[in-house]
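**Q** Protein chains in written order, with the working numbering: chain W, 1 to 439; chain B, 440 to 729; chain U, 730 to 1002. For each residue, glycine too, the CB sits at the ideal point set by N, CA and C. Please read these numbers as outputs of a predicted model, since none were measured by experiment.
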Amino acid sequence: MKRLLTYLLVLFLPIILVACVSSNNSTSTEGTNDSQDNESTDTEQEDTQSADEPVELTYWYWADNSEYSNLMQDIIAEFNETNDKGITVIGEEYPWDGGGYSETLFTAAMGGGGPDVAAFKLTSTPLFTANNLLAKLDDYIDSWEDKDDIEENLYDIMKSASGTDNLYVMPWNTQVLYMYYRPSIFEEAGVEVPTTYEELLTAIEQTTMDTDGDGNTDIYGFGMRGATGGQEPWGSFIHGRGGDFEDMTSKEAIQGMQDFIDIYENGYAPPSATTDGFNEIIANFKSGKTAMTVHHTGSSAEMVETFGDDVSAFAFPEGVGQWTSMGDTNNVIFESTEHKEAAFEWVSYLATGKGQEDWTIATGNVPVSTRVQEMDHFQNDEFMKASIEGVPFAGILPIKDTTTEWISTIWPNTTASALLGEITAEDAMQQLHESLHEE
Amino acid sequence: MRRKNINIWPYLLVLPALLIVTFVVFIPVIEAIFMSFQSYDLRRPDKIAYLGFRNFADMFSDPIFWLAFKNTIIWVVFGVGLQFLFGFILALLLNQSFRGRGIIRAVSLIPWATPGVLIGLMWKWIYDGNYGVLNDLLIKLGLLDQGITFLSQTSTAFGSVIVTIIWQGIPFFAIMILAGLQVISREMYEAADIDGASKLQKLIHITIPSLKNVIIITILLRIIWVSNSVDIIHNMTGGGPSYSTQTLSVYIFNKATVLDLGYSSSMALFLMFMLAMVAVPYLKNAFKER
Amino acid sequence: MRWKRIVSLYIPLGTILLFLLFPFYWTFITSMKPEHELYGSTVTYWPKELTLASYQKLFGEFNFLLPMWNSFLVATITTFVTLFVSTLAAYSFTRYEFKGKSLLMGLFLTNNMFPNVLLLIPLFAIMRSFDLLYTPISLVMAYATFTIPFSVWMLTGYLKDLPNALEEAAMIDGANRATAFIKVILPVLMPSIVATGVYIFIQSWNEYTFAVLFTNEATRTIPVTLKNLIGQLGVQWDLLTAGGIITIIPVCIMFFFAQKKLIEGMTAGSVKG
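1) Do the stretch 539 to 554 of chain B and the stretch 969 to 988 of chain U make contact, defined as three or more Cβ pairs closer than 8 Å?
2) Please report the straight-line C-alpha distance between residue 321 of chain W and residue 548 of chain B, rounded to a whole angstrom.
3) If you follow the beta strand (DSSP E) that residue 92 of chain W is in, where does it begin and where does it stop?
4) Using CA atoms only, rank isn't needed, just tell me which of B:470, B:707, B:602 is closest to residue 514 of chain B.
5) Between residue 860 of chain U and chain B, is the shortest Cβ-Cβ distance under 7 Å, so that the two count as touching?
6) Cβ of residue 449 of chain B less than 7 Å from any chain W Cβ?
7) Under a CB-based cut-off of 7 Å, is residue 660 of chain B close to chain W?
8) So residue 943 of chain U and residue 862 of chain U are in contact, right, with Cβ under 8 Å, and what is the actual spacing, rounded?
9) Of the choices B:628, B:706, B:662, B:571, whose alpha-carbon is the least far from that of residue 643 of chain B?
10) For residue 343 of chain W, collect the residues of the same chain with a Cβ closer than 7 Å to its Cβ; drop the 5 residues on either side in sequence, then sort them by chain order.
11) Under a Cβ-count criterion, where at least 16 other Cβ atoms within 10 Å of its own Cβ denotes burial, should residue 84 of chain W be classed as buried or exposed?
12) If contact means a Cβ-Cβ distance below 8 Å, which residues of the stretch 790 to 814 of chain U contact chain W?
13) Is it the case that the stretch 603 to 619 of chain B contacts the stretch 524 to 533 of chain B, given that we only count it when at least three CB pairs across the two stretches are under 8 Å?
14) For residue 572 of chain B and residue 352 of chain W, what's the separation of their Cα atoms in angstroms?
15) With a cut-off of 8 Å on the beta carbons, I'd call residue 362 of chain W and residue 71 of chain W a contact; round off their distance for me.
16) Is the Cβ of residue 679 of chain B closer than 7 Å to any Cβ of chain W?
17) Using the Cβ count rule (16 or more neighbours within 10 Å means buried), how would you classify residue 340 of chain W?
18) Measure the CB-CB distance between residue 402 of chain W and residue 432 of chain W and report whether it falls below 7 Å.
19) How would you list, in chain order, the residues of chain U whose beta-carbon sits under 8 Å from the beta-carbon of residue 406 of chain W?
20) Which first and last residues belong to the alpha helix (DSSP H) in which residue 393 of chain W is found?
21) Please decide whether residue 607 of chain B counts as near chain W, where near means a Cβ-Cβ distance under 7 Å.
22) Starting from the beta carbon of residue 103 of chain W, find every residue of chain B whose beta carbon is closer than 9 Å, and list them in chain order.
23) Is residue 457 of chain B buried or exposed, if buried means 16 or more other CB atoms sit within 10 Å of its CB?
24) Quick check on residue 96 of chain W - is its C-beta less than 7 Å from some C-beta in chain U?
25) So the candidates are U:807, U:814, U:758; which of them puts its Cα closest to the Cα of residue 451 of chain B?
26) What does DSSP give as the partner residues of residue 60 of chain W in its beta bridges?
27) Please name the residue in B:709, B:719, B:699, B:635 whose C-alpha comes closest to that of residue 486 of chain B.
28) Find the nearest neighbour of residue 228 of chain W within the set W:408, W:259, W:73, judged by alpha-carbon distance.
29) Going by DSSP in three states, residue 937 of chain U sits in which element: helix, strand or coil?
30) Look up residue 318 of chain W in the DSSP assignment and say whether it is helix, strand or coil.
31) Using the Cβ count rule (16 or more neighbours within 10 Å means buried), how would you classify residue 798 of chain U?
32) Assuming the contact rule is C-beta atoms closer than 8 Å, residue 680 of chain B and residue 593 of chain B should be a hit. Round their C-beta distance to whole Å, please.
33) Do the stretch 418 to 430 of chain W and the stretch 259 to 278 of chain W touch if we need at least three Cβ pairs shorter than 8 Å?
34) Looking at chain U, is there any beta carbon in it that lies within less than 7 Å of the beta carbon of residue 453 of chain B?
35) Over what stretch of residues does the alpha helix (DSSP H) that includes residue 653 of chain B continue unbroken?
36) Which term fits residue 747 of chain U, buried or exposed, when burial requires 16 or more other beta carbons within 10 angstroms of its beta carbon?
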């Protein structure tokens, strides 16, 4: 019997051991805010002393296709060669995974194994700052020579996302949504480019056509996105009627939702719209199934490749209100890194340096550096023009700690219910409002 | 003295497996149990507090939870049931001798060997309402006039996803049962042949009883596995449209990826409890009458 | 006789195989279609222009061999480690009566019931504290979370169906337990071990959730590399489907050789029995 007890003890020893280790970990990540601040000032001093010693930085990013992946590796290589501070960036690519990237990054950072610097989406900011994972950038920005190359309002957007007055996120590039359309279909339907929201609704109706007369719709007016990401074009409809995100239960906002539902129920959008994501709306547009769809410059190159001159763009037109979504890709520096100065060198190279030029020119994203925006490449492109036209009324969803869940599951499912006639526009807006603004 | 010595061996044999599993599972599970009694939402780390049974109370008044629960039952009953049926048939077929059997056995593994990412995308592509091959085939066969958007309607989405999990799970049952078939000694069948038993009689009186434990365990493990499976639904529909394909495990996954760990742990414990309710009596019955 | 065979074997087998293999065929065709044909107005069942460009790209600039090697390494180690410890445990569960047996068996079963996604954060911290992050060992450990419980139960099932008489006969002949196990049980159990091994191998070969977290560029496995091909700007169908095909082939080839073991066990069993 004694022997059996000993064996049992041996058995449970590791359990106790691991329990201790893991509980130690959790206390050190949660409760030691003050000591972390002290530590960070120490390391900053060390940083300045040893500025010339070689520094290695791990950088996490995702790539939207393999060309972008190669591009990022090239930019990293060039930075490593040309910077005179002995900084070596090691790029680690992670899958975008429909937004799963942010959770992977968070889990790694919480577990103490994350990178020094990472590409980042603004919507995740509350999660990361609430857990004290990100480094404050205010001091670095204030003493940065290129500070004014980035517009003040962009900094403000980054700040508001954290829910504090501090800046944790370094701008990198943005994407402003606009409407792609097919001039040839417009001509066939006898429709002009809409200049008001009402005209847009009419245009969507009129470009929905049965071209071969077999009783089935062959061209749908609007390539609606009902899967995750669809909240961005949807927001334009809500604002078109004068609604907004602060009070989605207003009469105007509900009317906007009703317009959205009507487009689907009347058959002006493909029946698959309830689950259509980026791939589907682009494929439908490129195969001629839809006359209009909302996206940004990231897809303009392939549109032109498919249609040549037979594709163009207009900014989402004004109704009672006017709004379009501004997408963003940024960079963050982690509080845990020992090389904040070096990390800032790298993120600023991407924000205003050669890295900004190379990345935005090749990917077609809107630069954040005003210097780069003024380059000929961006001034002469019709799609870039539609983007820049949208900038004055472009905005983002309210960034709260509920936003990520709202985007990934609540909006798509609630909207699908409304589109499929399971709930009314009013109920849908009520649910959407409550889940976003829940305290 | 002797008796005690004998008693140590079983523990020693279990020890290595137990040690590895202890390191990697027990600790996280215990943490999850603690989390399920707290408002453990990492989006609001400064508000984490002990809640008692609040998470469970919330869960039982959450209509999405009940929908997911219902979906889980449908998912498991049809998913596992049909996987088993077709898998068993396939195993019996693959156990016969015919030319090219090795190759056929190897290729029938394909669905199972396919990465989840690809299964999701591939089937989405097959079901596609505009360019999908399934619609094209149905139209060519004259069964349809116009394509159905299988994954976009609440009426068809879940059935379509279930067909995919059946597709993926057939080889598993086939291989496991095929392995079990090899242990049955040939003499039993020969004796039955002498008695003039039909094929069906041999199946019912020899094959199935001899495989009883293997069948019970494969079904049970598969029930557990399928009810916990996330990646096919995640890659095909994400649980939509309108939550119609969201099972409990997908709901847990979605809640956990937005870092509401308290609520998702509560649901995970509930799911675990339900599975245990299925497993324990099932195993007790199965192993008692030996 | 011939007709009977067609009805009882070839027709059902053909139907099931058609269902199982058509999606694979479709993947293969998709991997070779140029894009305009992919989204064309008519569905084509054999591409008009064949292109192997995606396969070249995959091995040329994409270096797909590295993740293949990593996946192979992780899956192989996991398979052997799991099979070894699980066979011992299963033997213990079926051939001994001891205190706490049902508790231990229950522990292994409930392990299977817990969703992976909730294990991630604590497991990551554990891996880091043992300095295993971003090494293949961390994946082997993580995969053990689901392979060991599964295998222990599966092998317990097979061993239970195996008559005790086999080894008892050998032990009466003077062999000790270990010899009886190796000489008598193991050969008969081989098909079951192979089947379980195939299961472990495939699960580890295809796992994504842990793999994305516990690997970096150097140790990355196939599913993560494949998922890298799906960005915000759509899916790279050509590379993804080509990668998928290449992922499946080694598993099938391996099983082609392994499945012969499924028959060997049979002969061994009937000789002794």
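**A** In terms of the structure at hand:
1) yes
2) Numbered from its first residue, the first sequence carries residue 321 of chain W at position 321. Numbered from its first residue, the second sequence carries residue 548 of chain B at position 109. Going from the Cα of residue 321 of chain W to the Cα of residue 548 of chain B covers about 57 Å.
3) Translated into positions along the first sequence, residue 92 of chain W becomes position 92. Counting along the chain, the beta strand (DSSP E) containing residue 92 of chain W begins and ends at 87 to 93.
4) Sequence index remark: in the second sequence, residue 514 of chain B carries index 75 (1-based). Checking every option, the nearest Cα to that of residue 514 of chain B belongs to B:602.
5) The sequence position of residue 860 of chain U within the third sequence is 131, counting from 1. So, not an interface residue.
6) Taking the second sequence and counting its residues from 1, one reaches residue 449 of chain B at position 10. For residue 449 of chain B, the answer is no, since every Cβ of chain W falls outside 7 Å of its Cβ.
7) Here the question's residue 660 of chain B lines up with position 221 in the second sequence. It does not; no Cβ of chain W falls within 7 Å.
8) Translated into positions along the third sequence, residue 943 of chain U becomes position 214. Translated into positions along the third sequence, residue 862 of chain U becomes position 133. Yes, residue 943 of chain U and residue 862 of chain U are in contact; Cβ-Cβ is about 7 Å, under 8 Å.
9) Residue 643 of chain B sits at position 204 when you count from the first residue of the second sequence. Among B:628, B:706, B:662, B:571, the Cα nearest to that of residue 643 of chain B is on B:628.
10) For the purposes of this step, residue 343 of chain W is taken as residue 343 along the first sequence, with counting starting at 1. Result list for residue 343 of chain W: 57, 116, 117, 333, 337, in chain order.
11) Along the first sequence, one-based indexing puts residue 84 of chain W at 84. Residue 84 of chain W comes out exposed.
12) 790, 791
13) yes
14) Position 133 of the second sequence, counted from the start, is the residue given in the question as residue 572 of chain B. Position 352 of the first sequence, counted from the start, is the residue given in the question as residue 352 of chain W. Spanning the two alpha carbons is a distance of roughly 48 Å.
15) As a working note, residue 362 of chain W is residue 362 in the first sequence. As a working note, residue 71 of chain W is residue 71 in the first sequence. About 5 Å; that satisfies the 8 Å criterion.
16) Residue 679 of chain B sits at position 240 when you count from the first residue of the second sequence. Closer than 7 Å: yes.
17) Along the first sequence, one-based indexing puts residue 340 of chain W at 340. So residue 340 of chain W ends up on the buried side.
18) Counting from one through the first sequence, the residue named residue 402 of chain W turns up at place 402. Counting from one through the first sequence, the residue named residue 432 of chain W turns up at place 432. Contact: no.
19) Position 406 of the first sequence holds residue 406 of chain W. Those within 8 Å of residue 406 of chain W in chain U number zero; the least Cβ separation is about 18 Å.
20) On the first sequence, position 393 is the one that residue 393 of chain W refers to. From DSSP, residue 393 of chain W is part of no alpha helix (DSSP H); its letter is neither H nor E.
21) Against the second sequence, residue 607 of chain B aligns to sequence position 168. So, not an interface residue.
22) Numbered from its first residue, the first sequence carries residue 103 of chain W at position 103. By Cβ distance, chain B contributes 695, 696, 697, 698.
23) Along the second sequence, one-based indexing puts residue 457 of chain B at 18. With 16 or more Cβ atoms within 10 Å of its Cβ, residue 457 of chain B is classed as buried.
24) As a working note, residue 96 of chain W is residue 96 in the first sequence. Closer than 7 Å to some Cβ of chain U, the Cβ of residue 96 of chain W qualifies, so yes.
25) The sequence position of residue 451 of chain B within the second sequence is 12, counting from 1. Nearest of U:807, U:814, U:758 to residue 451 of chain B, Cα basis: U:814.
26) To locate residue 60 of chain W, count along the first sequence from 1; it is residue 60. In the DSSP output, where bridge partners are listed per residue, residue 60 of chain W has W:92, W:118.
27) Translated into the one-based positions of the second sequence, residue 486 of chain B becomes position 47. For the residues B:709, B:719, B:699, B:635, the minimum Cα distance to residue 486 of chain B belongs to B:699.
28) On the first sequence, residue 228 of chain W is found 228 positions in, with the first residue counted as 1. Checked all of W:408, W:259, W:73; the closest Cα to residue 228 of chain W is W:408.
29) In the third sequence, residue 937 of chain U corresponds to position 208, counting from 1. Looking at residue 937 of chain U - three-state DSSP - the assignment turns out to be coil, as it is neither helix nor strand.
30) Your numbering for residue 318 of chain W matches position 318 in the first sequence. Here residue 318 of chain W sits in strand by DSSP.
31) Numbered from 1 along the third sequence, position 69 holds the residue referred to as residue 798 of chain U. Exposed, by the Cβ-count rule.
32) On the second sequence, residue 680 of chain B is found 241 positions in, with the first residue counted as 1. On the second sequence, residue 593 of chain B is found 154 positions in, with the first residue counted as 1. Right, their Cβ atoms sit about 6 Å apart.
33) yes
34) On the second sequence, position 14 is the one that residue 453 of chain B refers to. At least one chain U Cβ lies under 7 Å of residue 453 of chain B.
35) As a position in the second sequence, residue 653 of chain B is number 214, starting the count at 1. Per DSSP, residue 653 of chain B belongs to the alpha helix (DSSP H) from 651 to 667.
36) For this step, residue 747 of chain U is matched to residue 18 along the third sequence. It counts as exposed.
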